[in-house]
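Participant:
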Amino acid sequence: MAGDPQRHVTRAELDAALPLIMAAPKDGGRVEMLCLRPDYGARRFVPEVTVSVREGIPGERWATRPWLRDAAGNPHPGIQICILSRRVLDVVWRDRDTTVHPGDTFITDLDLSQANMPVGQRLEVGSAVLEVSDIFNDACVKWAARYGAQSRVWINDPAHRALRLRGILCRIVRGGVIRAGDPVTKSASFPTREGVDSPPAQG
Numbered sequence: 205m206a207g208d209p210q211r212h213v214t215r216a217e218l219d220a221a222l223p224l225i226m227a228a229p230k231d232g233g234r235v236e237m238l239c240l241r242p243d244y245g246a247r248r249f250v251p252e253v254t255v256s257v258r259e260g261i262p263g264e265r266w267a268t269r270p271w272l273r274d275a276a277g278n279p280h281p282g283i284q285i286c287i288l289s290r291r292v293l294d295v296v297w298r299d300r301d302t303t304v305h306p307g308d309t310f311i312t313d314l315d316l317s318q319a320n321m322p323v324g325q326r327l328e329v330g331s332a333v334l335e336v337s338d339i340f341n342d343a344c345v346k347w348a349a350r351y352g353a354q355s356r357v358w359i360n361d362p363a364h365r366a367l368r369l370r371g372i373l374c375r376i377v378r379g380g381v382i383r384a385g386d387p388v389t390k391s392a393s394f395p396t397r398e399g400v401d402s403p404p405a406q407g
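So this is what it looks like as structure tokens:
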């Protein structure tokens, strides 16, 4: 559902919110609004998801209808997980009764800028490990329709690209279970072999 243009955020409001957005914690956020996208425009909020290196998130359209594929034509692993700043969402998502959630895998209160989350940064989330990919999320035309064209221009402003205001895209390097409320923790190192699924956490 597209948002009401009369309620879209303005560029002045976005610029005014930027200091608060960039003051988000550098580490230790929590998983909020854990979301599945079974189809275009469809959202399903769940208490937990099991993520897999090979399959992404069961029930998500990444495995069957991704918006980006690799050179071999397979779903691109760099877009398996989408994470958006809660502070950005709070600014742009005004009409929550009639405007659909953006569909990111989860929301968290963290600084997602390139300075704080460089490409290759690993994140421990539940029993899974994610890695920040080099794919820039530039906000699609659906984002502009839902939250306003000015918000898309703001995200793609050359002065803002390193801030990653549309969030970060990640690949899964260790499968596991992610639950609502789980900490999102930056990992300095990860000693086990990359690309191996762990068994689902118990409990």
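At the far end of the sequence shown sits residue 407, using my numbering, and the numbering has no gaps. Just so you know, even glycine gets a beta-carbon here, dropped at the ideal spot from N, CA and C.
1) Could you check what DSSP says for leucine 373 in three-state terms: helix, strand or coil?
2) Return the chain-ordered list of same chain residues with a C-beta closer than 7 Å to the C-beta of threonine 214, the five sequence neighbours on each side being excluded.
3) To the nearest whole angstrom, what separates the beta carbons of glycine 379 and isoleucine 287, a pair I think is in contact under 8 Å?
4) So, isoleucine 311 versus glutamate 259, is the Cβ gap smaller than 8 Å?
5) Among residues of its own chain, excluding the 5 on either side of valine 336, which ones have a beta-carbon nearer than 6 Å to its beta-carbon?
6) Do valine 418 and isoleucine 382 have their CB atoms nearer than 8 Å?
7) Determine which residues share a DSSP beta bridge with valine 388 and list them.
8) Comparing C-alpha positions only, which one of Arg298, Val345, His305 sits nearest to histidine 212?
9) Within 10 angstroms of its Cβ, does tyrosine 351 collect 16 or more other Cβ (buried), or is it exposed?
10) If you draw a straight line from the C-alpha of aspartate 361 to the C-alpha of serine 317, how long is it?
11) In the DSSP assignment, the alpha helix (DSSP H) including leucine 224 goes from what residue to what residue?
12) Taking the DSSP output, what are the residues bridged to proline 279?
13) Where does serine 256 sit, in a helix, a strand or coil, going by DSSP?
14) Report the CB separation of aspartate 386 from glycine 330 in whole angstroms; it is logged as a contact under 8 Å.
15) By the three-class DSSP mapping on this structure, what secondary structure does arginine 425 have?
Facilitator: On the basis of the coordinates in this document:
1) Here residue 373 refers to the residue found at position 169 when the sequence shown is read from its first residue. If DSSP states are grouped into helix, strand and coil, leucine 373 belongs with the strands.
2) As a first step, residue 214 is located in the sequence shown; it is residue number 10 there, counting from the start. Setting aside the 5 residues that flank it on each side, threonine 214 is surrounded in the same chain by Gln354, each with a C-beta closer than 7 Å to its C-beta; the list follows chain order.
3) In the sequence shown, residue 379 corresponds to position 175, counting from 1. In the sequence shown, residue 287 corresponds to position 83, counting from 1. The pair is not a contact, with the Cβ atoms about 17 Å apart (cut-off 8 Å).
4) The residue you call residue 311 lines up with position 107 of the sequence shown. The residue you call residue 259 lines up with position 55 of the sequence shown. Between isoleucine 311 and glutamate 259, the C-beta gap is not smaller than 8 Å, which leaves the two residues out of contact.
5) For the purposes of this step, residue 336 is taken as the residue at position 132 of the sequence shown. The answer, listed in chain order, is Met321, Val323, Gln325, Ile372, Cys374.
6) Residue coverage of the chain in this structure runs from 205 to 407, which leaves residue 418 outside it and unanswerable.
7) Numbered from 1 along the sequence shown, position 184 holds the residue referred to as residue 388. Note: valine 388 sits in a beta bridge opposite Gly233, Val329.
8) Translated into positions along the sequence shown, residue 212 becomes position 8. Ranking the options by Cα distance to histidine 212, first place goes to Arg298.
9) Reading the sequence shown from its first residue, position 147 is the one you call residue 351. Its Cβ being crowded by 16 or more others within 10 Å, tyrosine 351 is buried.
10) Within the sequence shown, residue 361 is the residue found at index 157, counting from 1. Within the sequence shown, residue 317 is the residue found at index 113, counting from 1. Spanning the two alpha carbons is a distance of roughly 14 Å.
11) Along the sequence shown, one-based indexing puts residue 224 at 20. Segment 215-226, the alpha helix (DSSP H) holding leucine 224.
12) Here residue 279 is taken as the residue at index 75 of the sequence shown, counted from 1. According to DSSP, which records beta bridges pairwise, proline 279 is partnered with Arg273.
13) As a position in the sequence shown, residue 256 is number 52, starting the count at 1. If DSSP states are grouped into helix, strand and coil, serine 256 belongs with the strands.
14) Here residue 386 corresponds to residue number 182 of the sequence shown, with the count starting at 1. Here residue 330 corresponds to residue number 126 of the sequence shown, with the count starting at 1. 4 Å between Cβ atoms; contact.
15) Since the first residue of the chain shown is 205 and the last is 407, residue 425 is not available in this structure.
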